[in-house]
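Note sheet for the following structure.
2 protein chains.
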Amino acid sequence: MTDSWATFGVDLHLELTGPGLRAGLADALRQAARTGRLAPGTRLPSSRTLAVDLGVARNTVADAYAELVAEGWLTARQGSGTRVAPRSVARGEPEPAAVRRPRRTGPAYSLRPGSPDLASFPRTEWLRASRRALTAAPHDAFGYGDPRGRTELRTVLADYLARARGVHADPDRIVICAGFAHGLMLLGKVLRGRRVREVAVESYGLDLHWNLLADAGLRTRALSVDEHGSRTDELGSEGAVLMTPAHQFPMGVPLHPDRRTAAVDWARTTGGVVLEDDYDGEFRYDRQPVGALQGLDPGRVVYCGTASKSIAPGLRLGWLVLPGEMVGQVLEAKGPSDWMSSSLEQLTLAEFIASGAYDRHVRSMRLRYRRRRDQLVEALAERAPDIRVSGIAAGLHAVLELPPGTEQSVVQAAAWQGLALDGGAQFRHTGVRDGRDMLVVGYGTPPDSAWTGALDALCRVLP
Amino acid sequence: MTDSWATFGVDLHLELTGPGLRAGLADALRQAARTGRLAPGTRLPSSRTLAVDLGVARNTVADAYAELVAEGWLTARQGSGTRVAPRSVARGEPEPAAVRRPRRTGPAYSLRPGSPDLASFPRTEWLRASRRALTAAPHDAFGYGDPRGRTELRTVLADYLARARGVHADPDRIVICAGFAHGLMLLGKVLRGRRVREVAVESYGLDLHWNLLADAGLRTRALSVDEHGSRTDELGSEGAVLMTPAHQFPMGVPLHPDRRTAAVDWARTTGGVVLEDDYDGEFRYDRQPVGALQGLDPGRVVYCGTASKSIAPGLRLGWLVLPGEMVGQVLEAKGPSDWMSSSLEQLTLAEFIASGAYDRHVRSMRLRYRRRRDQLVEALAERAPDIRVSGIAAGLHAVLELPPGTEQSVVQAAAWQGLALDGGAQFRHTGVRDGRDMLVVGYGTPPDSAWTGALDALCRVLP
Numbered sequence: 001m002t003d004s005w006a007t008f009g010v011d012l013h014l015e016l017t018g019p020g021l022r023a024g025l026a027d028a029l030r031q032a033a034r035t036g037r038l039a040p041g042t043r044l045p046s047s048r049t050l051a052v053d054l055g056v057a058r059n060t061v062a063d064a065y066a067e068l069v070a071e072g073w074l075t076a077r078q079g080s081g082t083r084v085a086p087r088s089v090a091r092g093e094p095e096p097a098a099v100r101r102p103r104r105t106g107p108a109y110s111l112r113p114g115s116p117d118l119a120s121f122p123r124t125e126w127l128r129a130s131r132r133a134l135t136a137a138p139h140d141a142f143g144y145g146d147p148r149g150r151t152e153l154r155t156v157l158a159d160y161l162a163r164a165r166g167v168h169a170d171p172d173r174i175v176i177c178a179g180f181a182h183g184l185m186l187l188g189k190v191l192r193g194r195r196v197r198e199v200a201v202e203s204y205g206l207d208l209h210w211n212l213l214a215d216a217g218l219r220t221r222a223l224s225v226d227e228h229g230s231r232t233d234e235l236g237s238e239g240a241v242l243m244t245p246a247h248q249f250p251m252g253v254p255l256h257p258d259r260r261t262a263a264v265d266w267a268r269t270t271g272g273v274v275l276e277d278d279y280d281g282e283f284r285y286d287r288q289p290v291g292a293l294q295g296l297d298p299g300r301v302v303y304c305g306t307a308s309k310s311i312a313p314g315l316r317l318g319w320l321v322l323p324g325e326m327v328g329q330v331l332e333a334k335g336p337s338d339w340m341s342s343s344l345e346q347l348t349l350a351e352f353i354a355s356g357a358y359d360r361h362v363r364s365m366r367l368r369y370r371r372r373r374d375q376l377v378e379a380l381a382e383r384a385p386d387i388r389v390s391g392i393a394a395g396l397h398a399v400l401e402l403p404p405g406t407e408q409s410v411v412q413a414a415a416w417q418g419l420a421l422d423g424g425a426q427f428r429h430t431g432v433r434d435g436r437d438m439l440v441v442g443y444g445t446p447p448d449s450a451w452t453g454a455l456d457a458l459c460r461v462l463p
Numbered sequence: 464m465t466d467s468w469a470t471f472g473v474d475l476h477l478e479l480t481g482p483g484l485r486a487g488l489a490d491a492l493r494q495a496a497r498t499g500r501l502a503p504g505t506r507l508p509s510s511r512t513l514a515v516d517l518g519v520a521r522n523t524v525a526d527a528y529a530e531l532v533a534e535g536w537l538t539a540r541q542g543s544g545t546r547v548a549p550r551s552v553a554r555g556e557p558e559p560a561a562v563r564r565p566r567r568t569g570p571a572y573s574l575r576p577g578s579p580d581l582a583s584f585p586r587t588e589w590l591r592a593s594r595r596a597l598t599a600a601p602h603d604a605f606g607y608g609d610p611r612g613r614t615e616l617r618t619v620l621a622d623y624l625a626r627a628r629g630v631h632a633d634p635d636r637i638v639i640c641a642g643f644a645h646g647l648m649l650l651g652k653v654l655r656g657r658r659v660r661e662v663a664v665e666s667y668g669l670d671l672h673w674n675l676l677a678d679a680g681l682r683t684r685a686l687s688v689d690e691h692g693s694r695t696d697e698l699g700s701e702g703a704v705l706m707t708p709a710h711q712f713p714m715g716v717p718l719h720p721d722r723r724t725a726a727v728d729w730a731r732t733t734g735g736v737v738l739e740d741d742y743d744g745e746f747r748y749d750r751q752p753v754g755a756l757q758g759l760d761p762g763r764v765v766y767c768g769t770a771s772k773s774i775a776p777g778l779r780l781g782w783l784v785l786p787g788e789m790v791g792q793v794l795e796a797k798g799p800s801d802w803m804s805s806s807l808e809q810l811t812l813a814e815f816i817a818s819g820a821y822d823r824h825v826r827s828m829r830l831r832y833r834r835r836r837d838q839l840v841e842a843l844a845e846r847a848p849d850i851r852v853s854g855i856a857a858g859l860h861a862v863l864e865l866p867p868g869t870e871q872s873v874v875q876a877a878a879w880q881g882l883a884l885d886g887g888a889q890f891r892h893t894g895v896r897d898g899r900d901m902l903v904v905g906y907g908t909p910p911d912s913a914w915t916g917a918l919d920a921l922c923r924v925l926p
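Here's what the structure looks like:
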């Protein structure tokens, strides 16, 4: 889901429409590395993953990789995967102008989940909030800040989260971070410092998050996910559990009320911590929002929120609401030099929320996403009536169940037609074997102008 | 130099103007911890440092700390220092409104170095650049970005740095980071990954930086600093050296041309790396700017720049210009989740530079700082003619040599009069014994409105 990853898939897609798959793949990679479109050090997807994505045999990818390693374009190391080799830019030798500002060409459409509709960024309202924030900011806002984040933002967030998400929040227990991943890095350090060795995660989720925990020295163990969310009865002696209670990612179900209670009880009994990833809690369509789990026991649950889905990931703003005794631990993990978020962006978001613009934006996006959700469900009912769709009560994505054995070929067929799709394999924790074939369709991703085309392309590739 | 640190000194100063020093200090600390002004986990300065800063006996501070540890307000652990103890906020018990948005009262004046004049932040021009950036931004600017940073910013930075600092820069070898400290964290990881164990640093500098290297598992060894800058002949088998060639911090001298060559030769001979911290390279008054060392050998020198001194630290924007083979290593150290800088701030800075506003701002600040520098020198000549002042050809601070044995009492006297000052002890690497008595006067720090008062207060406390 990283940017270079997407670029990568893209370049390949363009180059691979002819015969001679292995040679074409090798050529595309060589070209991308030579021109710098693939930056030195970029980690390539595993041959298995890329093969699935491109819909080619795994050996085809493995052979192309091996060829480029032999030529010195790629490096392959145990544990670090396959990467673009460092290259030394010859001093004084300018690269062609075209390379200096690489133009990225993508697939025509993307329905990959994980991004809001970036074309709907509220530019005017954001600029307005920015102007008010800049005008009102005290001089010290331009200096080195409080490592917890600006007090103005923590204060409005505490009110907003209490009102909108049922979070028991206090500005003094909020720490601003540069998005959820940064927050998870800090929490990983804190858990490791508390001698936690293993964290329970959900069997479907993002390997990006599991890898961050692994980087902090924490093993991850996967809880099964069923139609009621994660199987909390599988929780054991782990020191913490990372979960998405309001809207399981990517399966789309809310955690059953009994399991919400069970998760908190587990934490109380074992001294464990629940890390609640509330990535898209604002977007719920058919009934009342599911409040944050954190409200059940603010002393046992860390609430993790983000502006990445509700506004845009480019802002790099997220927040942790912490049990009292963890505030100091997180600040210690941050260290004295980790002031990662721009004060001006923090003040602008504070203004954006305080002025009501945030609520208006979320409401307007909720309507837009719900309309797309409805159109998706209708189109499927008409054009692919055998496909079961689920996880549609909330969020920016839906799960489409596919006939057994078809996931890979559907993703492949879509790629050939210029539609980027993610299958379920993308989100499965290592070791989970019972994977059903499915697509995770991010209907929030395309801009309005591309939505109808993307939906049509999707229907065309479904079995 | 951290914010909590400053707040801390401030609160104490206010409470300590009466008799009963130990009791007053203990009261002030207790009050600050109780109300949350000192956040749980905040590390307190060592009793030695605080004693120097407050101008009280070290035992007075040590006793007050011990009392609060006994009462449970503070914790003291070997290796982790004295910290504010975690406290559990009772659920549902609101804290008084006054505490929720703490008002910070500071000393009347600060002449501590390390900050530009925050009151001069170019609000109007910045907002203008922000508007243009927001209007022109492609949709993908709001998404997860390139871990190297926005290409727009890297492109204008490459031009600017070549023009203004003589840096041999290429957008592909620039990585945007969230300020110098973030860059140094990444470089520390890279060095450690290259099996470097020790880094040479300058015997005067910031312990914040040395601690970041230590956190990465690197020992630091100090090079002596004399009137020609760091003693490069003391470089040995370290894998890297961190230095401030254009303007030694805090001593204020440029590195002698012979030593510039020697540093690069050392790197070539030993395979080492020079980390060039160009924190205030734009501000030079009496002759041509000293170009970046990096221009001598872009394959051996990492250039580290920042907007923290030229515009403001609150932006959290810095940049590394890397030797080709280190780009991949730094991106690997960043990892796939470290997109730490807001895209909008990056695009705004790109606009700010491209439109010429950056040059205009730097020019205008250069005039302002030079005027203050001249006023400082004149005032000293008149009111404290025995004080030798040095390091005045550049930057935002000067060094005032004090009679032996007077540094501590001068800093103390200033604190009692509401003027925050830093003595040389603050910046000395552990183990350096030959410390002369001095003040490091940050004449860039106060707003214009406070400058005359600050200068007057300084002259009054000088011997």
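First to last, the sequence lines map onto chains A and B. Using our numbering, the first residue of the first sequence is number 1, and each one after it goes up by one. Using our numbering, the first residue of the second sequence is number 464, and each one after it goes up by one. Don't be surprised by glycine CBs; every beta carbon is placed ideally from N, CA and C. What you are looking at is a predicted structure, and each value in this text was computed from that prediction instead of being measured.
Beta-bridge analysis with DSSP links ALA663/B to ARG684/B, VAL704/B.
Flagged as an interface residue toward chain A: LEU581/B, by a C-beta distance shorter than 9 Å. Interface criterion not met: the Cβ of LEU320/A is under 9 Å from no Cβ in chain B. Contact check for ARG192/A against LEU218/A passes: the beta carbons are separated by less than 9 Å. Contact between the stretch 781-794 of chain B and the stretch 635-651 of chain B is present: three or more C-beta pairs spanning the two stretches fall below 8 Å.
Taking C-beta separations shorter than 8 Å and ignoring five residues to either side along the sequence, the partners of ALA457/A in its chain run ALA108, TYR109, ALA414, GLN417, GLY418, LEU419, following chain order. Think of a sphere of 7 Å around the beta carbon of ASP603/B: the chain A residues whose beta carbon falls inside it are LEU118, in chain order. DSSP places VAL904/B in the strand class (E or B) of the three-state scheme. Contact of GLU125/A with chain B by beta-carbon distance below 7 Å is absent, the smallest such distance being about 11 Å.
Nearest to GLY699/B by C-alpha distance, out of VAL737/B, GLY916/B, ARG546/B, GLY781/B, is VAL737/B. If you draw a straight line from the Cα of PRO867/B to the Cα of VAL852/B, it comes to about 15 Å. Taking CB atoms only, VAL790/B has a neighbour in chain A less than 9 Å away. If you draw a straight line from the Cα of PRO138/A to the Cα of GLY295/A, it is about 34 Å long.
Of all C-beta pairs linking the stretch 390-409 of chain A to the stretch 119-127 of chain A, fewer than three are shorter than 8 Å, placing the two stretches out of contact. The stretch 686-696 of chain B makes contact with the stretch 705-722 of chain B; the number of CB pairs closer than 8 Å reaches 3 or more. Just so you know, the alpha carbons of HIS168/A and THR269/A end up roughly 21 Å apart. ASN59/A has a beta carbon lying at 9 Å or more from every beta carbon in chain B.
Nearest to VAL664/B by C-alpha distance, out of VAL653/B, HIS645/B, PRO708/B, ALA627/B, is PRO708/B.
Taking 9 Å as the cut-off, the beta carbon of ALA770/B is found closer than this to the beta carbon of LEU780/B.
Counting along the chain, GLY651/B sits inside no beta strand (DSSP E); it lies in the alpha helix (DSSP H) bounded by residues 643-656. In the three-state DSSP reduction, VAL432/A falls in the coil class, being neither helix nor strand. Residue-level contact check: PRO713/B does not touch chain A, since none of the beta carbons of chain A fall below 9 Å from its beta carbon. Proximity of THR769/B to chain A, defined by a Cβ-Cβ separation below 9 Å, is not satisfied. What ARG546/B touches in chain A, judged by beta-carbon distance under 9 Å, is GLY328, GLU332, going in chain order.
Of all residues in the stretch 660-687 of chain B, only LEU671, HIS672, ASN674, LEU675, ASP678 come within less than 9 Å of chain A when Cβ atoms are compared, listed by chain position. With contact defined as three or more Cβ pairs closer than 8 Å, the stretch 357-364 of chain A and the stretch 419-434 of chain A are not in contact. At least one CB of chain A lies nearer than 9 Å to the CB of PRO776/B. THR430/A counts as exposed, since fewer than 16 other beta carbons sit within 10 angstroms of its beta carbon.
Assigned with DSSP and collapsed to three states, LEU590/B falls in helix. Around the beta carbon of SER578/B, 16 or more other beta carbons lie within 10 angstroms, which makes this residue buried. Residue pairing by DSSP places ILE816/B opposite no residue, since no beta bridge is assigned to it. GLY781/B is bridged by DSSP to CYS640/B, THR769/B.
Beta-bridge partners of GLU864/B (DSSP): ARG851/B, MET901/B.
Spatial neighbours of TRP914/B in its own chain (CB-CB distance under 7 Å, excluding positions within 5 residues in sequence) are listed in chain order as ARG835. In the DSSP assignment, GLY81/A falls within the unbroken beta strand (DSSP E) covering 81-84. A residue is called buried once 16 or more other Cβ atoms fall within 10 Å of its Cβ, and GLN751/B, having fewer, is exposed.
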